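Engineer: Supplied in structure tokens, the structure appears directly below.
Numbering (my numbering), first residue to last: 803 to 873.
Structural data, given as structure tokens:
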């Protein structure tokens, strides 16, 4: 599965399919239809349409082409 954005945070690393699914807001970074890296180094869809990661927890945001396996 291909992804265009990744958000590194203190609790987990999250991926989105399209770079437009990452929105920077006043409180933090909002992700639309996010996926999370699992301990098995695959990604799994989170059961939320969107989530907000506070800036205090964000370690970095990267854009590009990322290919990851899904279970």
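All C-beta atoms, glycine included, are put in the ideal place defined by N, C-alpha and C.
Computed from a prediction, not measured in an experiment: that's the story for all the values here.
So, do the segment 821-832 and the segment 843-851 have three or more beta carbon pairs nearer to each other than 8 Å?
Structural biologist: no
Engineer: In chain order, which beta strand (DSSP E) runs of at least 3 residues are fully inside the segment 839-867?
Structural biologist: 845-847 and 852-856
Engineer: Which residue wins for smallest C-alpha separation from residue 813, given the options 861, 869 and 872?
Structural biologist: Taking the chain shown and counting its residues from 1, one reaches residue 813 at position 11. Measuring from the Cα of residue 813, the nearest candidate turns out to be 861.
Engineer: For residue 863, I'd like the list of residues in its chain whose CB is within less than 6 Å of its CB, leaving aside the five on either flank, ordered along the chain.
Structural biologist: Counted from its first residue, the chain shown places residue 863 at position 61. For residue 863, where only same-chain residues beyond five positions count, the Cβ hits under 6 Å are 809.
Engineer: Using DSSP bridges, identify the partner residues of residue 834.
Structural biologist: Here the question's residue 834 lines up with position 32 in the chain shown. Beta-bridge pairing by DSSP links residue 834 to 852.
Engineer: How would you label residue 866, buried or exposed, when you count the other beta carbons within 10 angstroms and need 16 or more for buried?
Structural biologist: Taking the chain shown and counting its residues from 1, one reaches residue 866 at position 64. Counting Cβ neighbours within 10 Å, residue 866 comes out exposed, since fewer than 16 surround it.
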